[in-house]
Structure formats: C-alpha cells, structure tokens
Amino acid sequence: MQNLFDDLNPPVRRLMGPGPVEVDPRVLNAMSMPMLGQFDPHFTGYMNEVMSLYRDIFQTENKWTMLVDGTARAGIECVMVSVVNPGDTVLVPVFGRFGHLLSEIATRCGANVVAIETEWGTVFEPQQIEDAIKKHQPKVLACVQGDTSTTMAQPLDEIGRICRAHDVYLCVDATASITGMPLPTDEWQIDAVTAGLQKCLSGPPGIAPITINDRVAELISARKHIEEGIRPDDYQAADGEMIQSNYFDLSMIMDYWSPARLNHHTEATSMLYAARECARITLKEGWDRRFARHNQTSAALVDGLTAMGLQVFGDLSVKMPNVTGVYIPPTVEGDKVRGEILNDFGIEIGTSFGPLHGKIWRIGTMGFGCRKDNVLACLAALETTLRRNGHSAPAGAGIDAALAVYNNPDHPSIAGINAA
Ligand SMILES: Cc1ncc(COP(=O)(O)O)c(C=O)c1O
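The opening position of the sequence shown corresponds to residue 136 in the working numbering, with each subsequent residue numbered one higher.
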C-alpha cells in the first residue's frame, strides 16, 4: 500500500520571524466555515463586507478596495501590470530587498525602471525623492512602507503630496507594515496600496488586500478588455493597451467585485473568510491601542536586547515597530543559534538577506504575536542559547529591562494612550 505518511500534526511554534507570523485562532476558526458558491448572495454579501472593512483598514474612501488572490506580491504585481504600460518610467526608492522586488516586477511589466538606493538601515529624505522625480519624471513612484529585510520604515506623510504636485502615481507596498503603524491612505494622498495577511493582520499568506483611488481606476478602465465567453452584449474594448496578464487584470477583477459580478477567477473562499476576520479583529481593537501595543513591545524588545549587551540594527528613529533587527555577536554562528532556539524553545526568529545576511537576526512582534509573553520567552531563549554558544550576557538583564518598559504606565512608547 502507498505510504500515507503521518497525520498532519505540525509543532506549535512562536513565529517571531519577519513573517509569516502566528495566525489568530479566530481567523483559523473563520477559515473552517462552509464553502459557498462564488455568486451565492451570502458570499457576495461577504465580499461587500470585506470591501467596507478594508476601507477602514486602509483608512480610505476608495470604492475599489478588494482582495487579489495570491500572496502579497500578487497584489503588487496586479497593480503594477494594470497601471504600467510598457515603456512607462517607474521610480523606485530602494532601501531593502523589497524595493528590489518592486523594481523587478516593474521591469517585467516593461517599464523603464529608475531605482535610487540608500544604505540598508537608512531611509530617504522626502527631498531626495522629489529631486529624483524632477530628474526622471516618472509616471509611477513605487515605494515600500516598511521593508522587513532591513526593519526600516520609509516616512510617507509627505511623499503623496510631492507626487501629486508632479502628477506622479504613488503606489505603496504596505505588506509588512499594515496595521502595525499608521497608513492613512487618503490623508497621505496615496493612489494605490497593496498588502498581505501574514504580518500584523495575523492571517495566513495567500490573499492580498488592495485599494486604488479613482485616478488609478480611470487608468485601468482605459485598458479594459473582457475575455471572450463572458462579454456583455454591449461590450466594447477600451482603446488602451490590453493588460498583459489575465490573472492580474485589475479591470476584470474589478468587474467581479462590482455589482456586475462578471466571472473572472474562482474566489478563494476560505481566504476571503480569513481576510474578513483579520480586519474585524484589527478594527475592534482600535488604532490607538493597536499602535501603542506594537510601540510598547518594540521598546521592550529593544531595551531587552540592549541590556543583554546586543546592538540593535539601523536608524532607530525609523525602525518598524513590528520587526527588530539585532546584530549577531561575531563570536557565534547565527544559523546555529537560530536552530537551537527553534529546537529547544519552539521559537522561530529570522535571518536576513543580501548585505545583511549572516550579520543580523530579525525578530517579529506582529498583530496576534505582538505579546509580552512572546518577548519575554524570546529574550530568555536568546540569553540561554547565546550562553551555551560561548557568548554570555548579564543573567536576567534582558527580561528585567523589557519588564521595566511593560511596567511603566508612563513609558513614552505609549504616550497619551490608555494601554490598560
Ligand atoms: C515589504 C514586503 N513586500 C512584499 C513581500 C512579499 O510578500 P509575499 O511573500 O507574500 O508575496 C514581503 C514579504 O515578506 C514584504 O515583507
């Protein structure tokens, strides 16, 4: 008989890497709900609810706020291939691996890509971005908000205004930062935002929430082609160039999410349930409490690591609150320590890429996983494992420093917020 292997019984982990992170049990529960047909009125009702919930998540009035099936890069690719015509200039400020991903995707869309780079661990001044816009006159500025590869977050509050002034479309990848730090899409004049569930939203990877404003919707409508077999009687193809992907043709995806409910792909039912629950949980918590929780945990982790004699990576004034990079002490082997923390303590922390590979570990504290017990467990595991690898830290100092942050009701990380 064919080997049917063991029952699926994965170990329970604290997922404290840069993502995916622990899924909120309420989300897992939502995913076990019965399947519905994709045109069942109950299901299309849930789709409308998802649109409404994600308008609040993205803090936008954008009508076109929906889900793209696939991991976070599906959302990026969908917006990019639908907005960028071959030959268009796309400017990408690169401050980590995911800036390179935006450049790569834009290149595949046939864009003339101009990348400006800054050292990993730093971000750009708005003036640098404006200067590059003036010089290269792009159609699109594609920018990551929080780049998990470096743990840095690009301040975006001035970038939308700059883009509008130069008639540039601003597309933001907020996969790693969404709901861990503020992103008021409309207030910051961002034209398109893409995200994923597997970071602060604490869902599984596999579906990408996106929002686009009317400026972008207009561009896309000008390229609208509907596939044969589902065309309405009065169909007339738009004059613009056909979007070079069927799966990521946003004009057809918009038709499916509109009252027309024109068939495109088969919607990923259970992932839509997950996305809906992730948004509900987030919005129930409220922005103030949520951001305070992430800031407080970040401060506790940073102080804990520092008290252990470790050095936190990058410009701390622009560090993402939900991921922390820490230099690997030169006397230990980074991957060996990570492996022991996983095997002995069931805690996953991350390695890094490119110029930071082997130099820093990355510790995620996101959404459901952004908890005091996780921080304390991680610091204890790190202290013990480092000692066993010949690098000693003052006993208990990391945990004491983290607790000092949590026990201080006036700590600046939660300034002005009732963190009870
Ligand atoms: C900032 C950022 N953008 C994009 C991605 C790609 O997401 P996915 O692996 O879900 O396609 C990630 C994943 O870590 C990310 O952190």
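We put the CB at the ideal spot given by N, CA and C, even for glycine.
**Prompt:** When DSSP labels each residue in this structure, what does E518 get in the three-state scheme?
**Reply:** helix
**Asked** Roughly how many whole angstroms lie between the Cα atoms of T200 and W422?
**Response** 19 Å
**Buried or exposed by the 16-neighbour rule on C-beta atoms within 10 Å, applied to A555** = With a pLDDT of 42 at A555, under the threshold of 50, the modelled position of that residue is not reliable, and the figure given next carries that caveat. The residue is exposed, with fewer than 16 neighbouring Cβ atoms inside 10 Å.
**Per-residue DSSP class, three states only, for A555** = Note on A555: pLDDT 42, under 50, position unreliable in the model; the coordinate value appears next. Three-state DSSP puts A555 in coil, outside helix and strand.
**Rounded separation between D223 and P273 - CA only** = 7 Å
**Message:** Once the 5 residues before and after A241 are set aside, which same chain residues still bring their CB inside 8 Å of it?
**Reply:** M215, V219, V225, V227, V248, V275 and A277
**Request:** Could you work out which residue in T500, G469, I476 and E483 is closest to K494 when comparing CA atoms only?
**Result:** G469
**Message:** Check this for me: beta carbons of G295 and L305, under 7 Å apart or not?
**Reply:** yes
**Prompt:** Taking Cβ positions, are I498 and T459 nearer each other than 7 Å?
**Reply:** yes
**Message:** When you measure from the CB of R208 to every non-hydrogen atom of ligand 3, does any distance come out below 6 Å?
**Reply:** Here the bound small molecules are ligand 1; ligand 3 is not part of this structure.
**Request:** With a threshold of 16 other CB atoms inside 10 Å of the CB of A330, please say whether the residue is buried or exposed.
**Result:** buried
**Request:** Over the uninterrupted alpha helix (DSSP H) stretch that includes M166, give me the two end residues.
**Result:** P160 to M166
**Item:** P340: CB within 6 Å of a non-hydrogen atom of ligand 1
**Value:** yes
**Prompt:** Say the cut is 6 Å; is the CB of V279 nearer than that to a heavy atom of ligand 1?
**Reply:** yes
**Request:** To the nearest angstrom, report how far apart T487 and S284 are at their CA atoms.
**Result:** The sequence given here has Ser at residue 487, not Thr. For S487 and S284, the distance between alpha carbons rounds to 6 Å.
**Request:** To the nearest angstrom, report how far apart E132 and S527 are at their CA atoms.
**Result:** The chain is shown only over 136 to 555; residue 132 falls outside these bounds and no answer can be derived.
**Item:** Start-to-end residues for the alpha helix (DSSP H) that takes in T179
**Value:** P176 to I192
**Asked** Sorry if obvious, but does the Cβ on G234 come closer than 6 Å to a heavy atom of ligand 1?
**Response** no
**Asked** Mind checking whether S573 and I355 have CB atoms under 7 Å apart?
**Response** No statement about residue 573 is possible, as the shown extent of the chain runs from 136 to 555 and does not include it.
**Asked** With respect to the beta strand (DSSP E) encompassing N247, which residues constitute its N-terminal and C-terminal limits?
**Response** N247 to E252
**Prompt:** How many Å lie between P547 and A414 at the Cα?
**Reply:** 28 Å
**Asked** Quick one: does the C-beta of T133 sit closer than 6 Å to a heavy atom of ligand 1?
**Response** For the chain, the structure presents residues 136 to 555; residue 133 sits outside this window and is missing.
**Request:** Grab the span of the alpha helix (DSSP H) containing W392 for me, first residue to last.
**Result:** L385 to W392
**Prompt:** Taking P169 as the reference, which of Q194, L407, Q263 and H360 has the closest Cα?
**Reply:** L407
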